[in-house]
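Participant: Once you've had a glance at the structure underneath, I'll fire off some questions.
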Amino acid sequence: MIRKITGFLNLPIPNAHLTRSKEKYDLIHCAHCLSLNNKNPWVADVECLWSLWVSGQNSIIGKKIVREILLRKNCKKILPWTNVTKNEIEKFFPEIKNKIEVVYPAVPLVKIKSKRHKEINLLFISRYFYEKGGLHALETINQLTKKYENVSGIVVSEVPKEILNKYSKNKKIKFYELMPQKELFENIF
Numbered sequence: 142m143i144r145k146i147t148g149f150l151n152l153p154i155p156n157a158h159l160t161r162s163k164e165k166y167d168l169i170h171c172a173h174c175l176s177l178n179n180k181n182p183w184v185a186d187v188e189c190l191w192s193l194w195v196s197g198q199n200s201i202i203g204k205k206i207v208r209e210i211l212l213r214k215n216c217k218k219i220l221p222w223t224n225v226t227k228n229e230i231e232k233f234f235p236e237i238k239n240k241i242e243v244v245y246p247a248v249p250l251v252k253i254k255s256k257r258h259k260e261i262n263l264l265f266i267s268r269y270f271y272e273k274g275g276l277h278a279l280e281t282i283n284q285l286t287k288k289y290e291n292v293s294g295i296v297v298s299e300v301p302k303e304i305l306n307k308y309s310k311n312k313k314i315k316f317y318e319l320m321p322q323k324e325l326f327e328n329i330f
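Heads up, the sequence shown stops at 330 in the working numbering, and the numbers go up one at a time, no gaps.
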């Protein structure tokens, strides 16, 4: 909700936090955000470029604030999860190219009992519908389910109501709210 309000107002707010601890540490690891610490060295892992801001990514001031944080001497590495994100960050901030290194997220392997399907099932699963290309995926699923009899689609996301109303007419596409991973593997896969 905060991202929606501040995003609507385009306020220049970086997604940055100050780490306070009585413990001594050698390095701060920021997960999906930046550090406001001035002295302690830190690294940040990020899924996508827009996760560096709460809002104001496209504002001049918002970009300037994040650039200043990234250029600090104690910012040691920015660790994007993918090459796509790496390229986006480099395009936005070419001056920190030497601080960027791709580190893919460590995800535990989940054993899924495969089910036999007579149809081809197309899936779109994301917490962020628009940001992760949900509209494009849904348009493609809609076209393919209409074109081929043996194709169906499943969308698990917070789909905006106007989009849901438009595409729920296609009975070959099922929509689900976000759900825990365990439930997802048991019911969807």
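For glycine and all other residues, C-beta sits at the position ideal for the given N, C-alpha and C.
(1) In the DSSP output, which residue or residues are listed as bridge partners for L338?
(2) So what does DSSP say about G274, is it helix, strand or coil?
(3) Helix or strand or just coil, what does DSSP make of F316?
(4) Which class does F234 belong to by DSSP, given the choice of helix, strand or coil?
(5) With three or more beta-carbon pairs closer than 8 Å as the criterion, would you say the segment 182 to 193 touches the segment 220 to 238?
(6) In whole angstroms, what is the alpha-carbon distance linking K254 and V297?
(7) Quick one: Cα of G197 to Cα of V207, how far?
(8) Just confirm the distance between the C-beta atoms of T286 and K313, as a whole number of angstroms; I'd bet it's less than 8 Å.
(9) For Y245, count neighbouring Cβ atoms within 10 angstroms of its own Cβ and tell me buried if that reaches 16, exposed if not.
(10) Just the Cα atoms here: how many angstroms apart are S200 and F233?
(11) What span of residues does the beta strand (DSSP E) with I266 cover, start to end?
(12) Which same chain residues end up closer than 8 Å to N179 when comparing Cβ atoms and leaving out the 5 residues on each side of it in sequence?
Facilitator: In this structure, then:
(1) Within the shown structure, residues of the chain are numbered from 142 to 330, placing residue 338 beyond reach of any answer.
(2) By one-based count along the sequence shown, residue 274 stands at place 133. In the three-state reduction of the DSSP assignment, G274 falls in the coil class, being assigned neither a helical nor a strand state.
(3) Here the question's residue 316 lines up with position 175 in the sequence shown. Judged by DSSP in its simplified three-state form, F316 adopts strand.
(4) If you number the sequence shown from 1, residue 234 lands on position 93. F234: coil per DSSP, three-state reduction.
(5) Enough Cβ pairs lie closer than 8 Å, so yes.
(6) Your numbering for residue 254 matches position 113 in the sequence shown. Your numbering for residue 297 matches position 156 in the sequence shown. Between K254 and V297, the C-alpha separation is close to 20 Å.
(7) Position 56 of the sequence shown, counting from 1, holds the residue named residue 197. Position 66 of the sequence shown, counting from 1, holds the residue named residue 207. Looking at the backbone, the Cα of G197 and that of V207 are separated by about 10 Å.
(8) To locate residue 286, count along the sequence shown from 1; it is residue 145. To locate residue 313, count along the sequence shown from 1; it is residue 172. By a beta-carbon distance limit of 8 Å, T286 contacts K313. Their separation comes to about 4 Å.
(9) One-based indexing of the sequence shown puts residue 245 at position 104. The residue in question, Y245, is exposed, as its Cβ has fewer than 16 Cβ neighbours within 10 Å.
(10) Here residue 200 corresponds to residue number 59 of the sequence shown, with the count starting at 1. Here residue 233 corresponds to residue number 92 of the sequence shown, with the count starting at 1. S200 and F233: Cα-Cα distance of roughly 12 Å.
(11) As a first step, residue 266 is located in the sequence shown; it is residue number 125 there, counting from the start. Residues I261 to I266.
(12) Position 38 of the sequence shown holds residue 179. Around N179, the same chain offers R213 and N215 as residues with beta carbons nearer than 8 Å, after the five sequence neighbours per side are excluded.
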